[in-house]
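Down below is the structure, laid out as structure tokens.
Chains as they are written, first to last, in this note's numbering: chain A, 6 to 141; chain B, 249 to 326.
As structure tokens, this is what we get:
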């Protein structure tokens, strides 16, 4: 089931400044992870993301969620990942919650668009992870 | 050397050798998606030690990618 934002975080349509959705195949992210060491992967993931993903029982699934969050945030900003670095978008993923943190240019781009808050959720099925973000 | 490294990475991703030409466009001709594009950047970091960002508004040819890598290598302190 795809979790909906709770009542207290229900977005107001007039405040929404961007929407991003992304689906990632877990097996392809796993194949990529297997080819590179942590130092190389730091181009893509923050150290917090790597620590959290490694501590879960399904690291590949959580890495895929992090990857999809970055893509979804890029889409919500309307620029994709063109002007921002992958590791400037950080996903804090738990089974029931997804929080977005931005740094550097990603933070600046969000600020330029008047984005003050990110609402995000995720789910997984079979070999896929889906992430949905709202910028407001 | 740069083109050889790039070619190896593309072959690892399953791109047919005959498609890997100077004029091949990453998205239109090689049909690379974002996961594969970032995989190439990671491969270049591992093999050549350079940070090259391949996400761009304009589709790039492999010759243009090699040019970017050369510039990134020249700018990287040895």
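All C-beta atoms, glycine included, are put in the ideal place defined by N, C-alpha and C.
Bear in mind the structure is a predicted one, so any value in this text is a computation, not a measurement.
- prompt: The alpha helix (DSSP H) spanning residue 259(B) covers which residue range?
  reply: One-based indexing of the second chain puts residue 259(B) at position 11. Boundaries of the alpha helix (DSSP H) harbouring residue 259(B): 250 to 260, taken from the DSSP string.
- prompt: If you run the structure through DSSP and keep just helix, strand and coil, what is residue 19(A)?
  reply: One-based indexing of the first chain puts residue 19(A) at position 14. Looking at residue 19(A) - three-state DSSP - the assignment turns out to be helix.
message: For a contact defined as C-beta to C-beta under 8 Å, what are the partners of residue 74(A) on chain B?
response: Start at 1 with the first residue of the first chain, and residue 74(A) comes out as number 69. Here the premise fails: no neighbours, minimum Cβ distance about 13 Å.
- prompt: Quick one: is residue 138(A) buried, meaning 16 or more other Cβ sit within 10 Å of its Cβ, or exposed?
  reply: Indexing the first chain from 1 puts residue 138(A) at position 133. Answer is buried; the Cβ neighbour count reaches 16.
task: Scan the stretch 31 to 58 of chain A for residues whose Cβ lies nearer than 8 Å to a Cβ of chain B and list them as they occur along the chain.
output: 33, 34, 37, 40, 41, 42, 45, 46, 48, 49
Residue 324(B) at chain A interface by Cβ criterion, 8 Å: Your numbering for residue 324(B) matches position 76 in the second chain. Not closer than 8 Å to any Cβ of chain A, the Cβ of residue 324(B) fails to qualify, so no.
task: For residue 30(A), collect the residues of the same chain with a Cβ closer than 7 Å to its Cβ; drop the 5 residues on either side in sequence, then sort them by chain order.
output: Position 25 of the first chain holds residue 30(A). Once the five neighbours on either side are set aside, the close Cβ partners of residue 30(A) are 132, 133.
- prompt: Is it the case that the CB of residue 271(B) approaches a heavy atom of the ligand SAM more closely than 7 Å?
  reply: Ligands in the displayed structure: none, and consequently the ligand SAM is not present.
query: Where does residue 259(B) land, buried or exposed, given buried means 16+ other C-beta within 10 angstroms?
result: Translated into positions along the second chain, residue 259(B) becomes position 11. The C-beta of residue 259(B) has fewer than 16 other C-beta atoms within 10 Å across all chains shown, which makes the residue exposed.
- prompt: Within 10 angstroms of its Cβ, does residue 12(A) collect 16 or more other Cβ (buried), or is it exposed?
  reply: For the purposes of this step, residue 12(A) is identified with residue 7 of the first chain, where counting begins at 1. Bear in mind that a pLDDT of 49 at residue 12(A), under 50, signals an unreliable position, so the model cannot answer this.
- prompt: With a Cβ-Cβ cutoff of 8 Å, do residue 74(A) and residue 87(A) count as a contact?
  reply: Position 69 of the first chain holds residue 74(A). Position 82 of the first chain holds residue 87(A). It is not a contact, given that the beta carbons lie outside the stated cut-off.
field: Beta-carbon proximity check, residue 97(A) vs residue 121(A), cutoff 8 Å
entry: To locate residue 97(A), count along the first chain from 1; it is residue 92. To locate residue 121(A), count along the first chain from 1; it is residue 116. For residue 97(A) and residue 121(A), no; Cβs fall outside 8 Å.
field: Listed by chain order, chain B residues near residue 91(A) by CB distance under 8 Å
entry: Translated into positions along the first chain, residue 91(A) becomes position 86. Within chain B, the residues near residue 91(A) are 286.
message: Let's test the definition: count the other Cβ atoms within 10 Å of the Cβ of residue 269(B) and tell me whether it reaches 16, buried, or not, exposed.
response: Counted from its first residue, the second chain places residue 269(B) at position 21. Under this definition residue 269(B) is an exposed residue.
query: Taking 8 Å as the CB-CB limit, is residue 87(A) close to chain B?
result: If you number the first chain from 1, residue 87(A) lands on position 82. Output row for residue 87(A): interface = yes.
message: Looking at the strands, I want to know which residues DSSP matches up with residue 137(A).
response: Along the first chain, one-based indexing puts residue 137(A) at 132. Paired residues: 26(A), 126(A).
Reduced DSSP secondary structure (H/G/I, E/B, other) of residue 271(B): Counting from 1 along the second chain, the entry for residue 271(B) is found at position 23. In this structure, residue 271(B) counts as coil in the three-state DSSP scheme.
query: Quick one: is residue 12(A) near chain B, going by C-beta distance under 8 Å?
result: On the first chain, position 7 is the one that residue 12(A) refers to. Only weak support exists for where residue 12(A) lies, its pLDDT of 49 falling under 50; the value from the coordinates is given anyway. So no, residue 12(A) is outside the interface.
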